[in-house]
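Enquirer: Top line first, the protein sequences correspond to chains F and B.
For the first sequence, the positions run 42 to 236 when the numbering used here is used.
For the second sequence, the positions run 42 to 236 when the numbering used here is used.
Cβ atoms here follow ideal geometry from the backbone N, Cα and C, with glycine treated the same way.
Sharing a structure below in structure tokens format, with a few things to ask.
There are 2 protein chains.
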Amino acid sequence: MDSPLYKYIKEYSSTPLYQEDFDEILTYFIPKKLKKRSYFLQEGEVCEYVGFIIKGAMREYYVDNKNREYIVNLYVENWWVRNRESWVMSTPSKYNIDTWEDSELILITKENFIKLKEKFPSFNEMVTTMDERNIIATQNRVTLSISLNAEDQYQNFIDKHEYFFKRFPQHVIASYLGISKDTLSRLRRRMKNKN
Amino acid sequence: MDSPLYKYIKEYSSTPLYQEDFDEILTYFIPKKLKKRSYFLQEGEVCEYVGFIIKGAMREYYVDNKNREYIVNLYVENWWVRNRESWVMSTPSKYNIDTWEDSELILITKENFIKLKEKFPSFNEMVTTMDERNIIATQNRVTLSISLNAEDQYQNFIDKHEYFFKRFPQHVIASYLGISKDTLSRLRRRMKNKN
DNA sequence: CGCGGGTTTGATGATGCTCAAGCCCGGTGG
DNA sequence: CCACCGGGCTTGAGCATCATCAAACCCGCG
Chain F
42 MDSPLYKYIK EYSSTPLYQE DFDEILTYFI PKKLKKRSYF LQEGEVCEYV
92 GFIIKGAMRE YYVDNKNREY IVNLYVENWW VRNRESWVMS TPSKYNIDTW
142 EDSELILITK ENFIKLKEKF PSFNEMVTTM DERNIIATQN RVTLSISLNA
192 EDQYQNFIDK HEYFFKRFPQ HVIASYLGIS KDTLSRLRRR MKNKN
Chain B
42 MDSPLYKYIK EYSSTPLYQE DFDEILTYFI PKKLKKRSYF LQEGEVCEYV
92 GFIIKGAMRE YYVDNKNREY IVNLYVENWW VRNRESWVMS TPSKYNIDTW
142 EDSELILITK ENFIKLKEKF PSFNEMVTTM DERNIIATQN RVTLSISLNA
192 EDQYQNFIDK HEYFFKRFPQ HVIASYLGIS KDTLSRLRRR MKNKN
């Protein structure tokens, strides 16, 4: 089986998963293609679906009252995408999610997602693992943001997230790190001169 | 039943929980008292237990190579405490967790924690809810840290976390917010003058 | 050739840090 | 009862870092 989702479940769960079970799992998903720069979720909408990214790149961002954009998450192939708060609470999203490249996803509703967790132990285990990793990664991001300066944050980003680094332009990465594109450009020059 | 844990499970799960089941759940926990300023977890140790705080206040912090402390999490009554990364991965913790007040906890090992999730649906649901809230809260913290200046972060902290505000001194809150105690002191004066 | 998106650069200013000193206050021991 | 101590908070001077804004540049593409 060469479905990316199948591989993903195998990787993040130790419970066996039979072919026919996976086939059933797949029936709960809806394929969806999104052209570059189209919304997966817009501020004010309730996030009804979780998406699994087969192909593409996406970003999640927040717009403040001065119309500044802050990119809070980036997503590429084999990532789950949703706004957690809106999805869990069924409240209007404070964030936007859109595609940075043409993308292919498979979508599933919250109800079906929960159903799959109850019915298939391997699916459930995969979700637990994924959530745990999410918690660890986000916590790490907080720690880095309060303990590192701009340059060290950027260096750490390059080291740990090459898969993002190759896919998004500098000003997107700057926003993700909470620094201005100008500062990022300058510190890149400084770093280049050092080596 | 007036056990704080019982109330907690009821609050964070919609599945019924029978008295005798809860009694069984409790047998998996180990009571533990910790005097003020003693460690729950020290850097380098593997986090073997999750603790549920019955009484007390704790902090989790990171020490960098210049010996600066960065407080990354605060905990009070009715919170679960652990270092997630060390607990999940069974790797040496990069963080310290200690008590800020005399505290009473009940502890449970990872194996037993997983056992309870499998055996008691209400326990499992409570854990899911708790993890989801954790993800939402931490994500929010990231968003705030990249989009707000020091003053607005502090104001937001006061508004959203009075239960921490009352329990920890200023310099601890400053560290939690990623700003220096001096800056916090100054912006408090500025804010006072405004009103 | 011109356009658009992305990056660089300079000038300037705001924000927050560092370090050292002093203050306040509650607790303790003589 | 007073002196002292320690923890926490405040304050000032000087400095480092980073943001802002505007302009220029670069390059791929229609």
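In terms of residues, what are the limits of the alpha helix (DSSP H) holding F/Lys48?
Expert: Looking at the DSSP string, the run of the alpha helix (DSSP H) that includes F/Lys48 is Pro45 to Tyr53.
Enquirer: Excluding the 5 residues preceding and the 5 following B/Ile50 in the sequence, name in chain order all residues of the same chain whose CB lies nearer than 7 Å to its CB.
Expert: Excluding sequence neighbours, B/Ile50 sits near Leu58, Ser163, Phe164 and Met167.
Enquirer: Check distances from the C-beta atoms of the region 99–114 of chain B to those of chain F and list, in chain order, the residues that come in under 7 Å.
Expert: Residues Tyr103, Asp105, Tyr111 and Val113.
Enquirer: Which residues, in chain order, does the region 169–190 of chain B contribute to contact with chain F at a C-beta distance below 7 Å?
Expert: So the close ones are Asp172, Glu173, Asn175, Ile176, Ile177, Thr179, Gln180, Arg182, Val183, Thr184, Ser186, Ile187 and Ser188.
Enquirer: Which residues in chain B sit within 7 Å of F/Val129, going by Cβ to Cβ distance?
Expert: By Cβ distance, chain B contributes Glu173 and Ile177.
Enquirer: Looking at chain B, is there any beta carbon in it that lies within less than 8 Å of the beta carbon of F/Arg125?
Expert: Yes, F/Arg125 counts as interfacial toward chain B.
Enquirer: Nearest to F/Asn175 by alpha carbon, out of F/Arg123, F/Tyr195, F/Thr224 and F/Lys160?
Expert: It is F/Arg123.
Enquirer: Going along chain F in order, which residues have a C-beta closer than 9 Å to the C-beta of B/Gly219?
Expert: Per Cβ cutoff of 9 Å: Val183, Ser186, Ile187 and Ser188.
Enquirer: Can you check the region 56–137 of chain F for any beta strand (DSSP E) of at least 3 residues that lies completely inside it and give the ranges in chain order?
Expert: If we require 3 residues or more, the beta strand (DSSP E) runs fully inside the region 56–137 of chain F come out as 71–75, 80–82, 90–96, 98–104 and 110–117.
Enquirer: Mark F/Gln83 as exposed unless 16 or more other C-beta atoms lie within 10 angstroms of its C-beta, in which case mark it buried.
Expert: By the neighbour-count rule (16 or more Cβ atoms within 10 Å), F/Gln83 is not buried but exposed.
Enquirer: On the DSSP bridge list, what partners appear for F/Glu145?
Expert: F/Lys74 and F/Lys96.
Enquirer: Quick check: the Cα distance between B/Ile112 and B/Asn119, rounded to an integer number of angstroms?
Expert: One C-alpha to the other measures close to 20 Å.
Enquirer: Could you please give the first and the last residue of the uninterrupted alpha helix (DSSP H) stretch that includes F/Asn234?
Expert: That run of the alpha helix (DSSP H) goes Lys222 to Lys235.
Enquirer: Could you tell me which residues DSSP puts in a beta bridge with F/Asp139?
Expert: F/Tyr80 and F/Arg100, per the DSSP bridge assignment.
Enquirer: Please confirm if the region 57–71 of chain B is in contact with the region 152–163 of chain B, defined as three or more CB-CB distances below 8 Å between the two stretches.
Expert: In short, these stretches touch, since the Cβ pair count reaches three.
Enquirer: Indicate whether B/Ser188 and F/Asp105 have their beta-carbon atoms separated by less than 8 Å.
Expert: A contact, by the Cβ cut-off of 8 Å.
Enquirer: Roughly how many angstroms lie between the CA atoms of F/Leu228 and F/Ile71, to the nearest whole one?
Expert: Answer to the nearest angstrom: the Cα atoms are 44 Å apart.
Enquirer: Distance, Cα to Cα, F/Phe81 vs F/Lys151?
Expert: Each residue's alpha carbon lies about 15 Å from the other.
Enquirer: For B/Val91 and F/Ser79, what's the separation of their Cα atoms in angstroms?
Expert: Taking the straight line from one Cα to the other gives about 42 Å.
Enquirer: At the level of alpha carbons, what is the spacing between F/Glu205 and F/Ile199?
Expert: Reading the sequence as shown, one finds Phe at residue 205 of chain F and not Glu. If you take the alpha carbons of F/Phe205 and F/Ile199, they lie about 9 Å apart.
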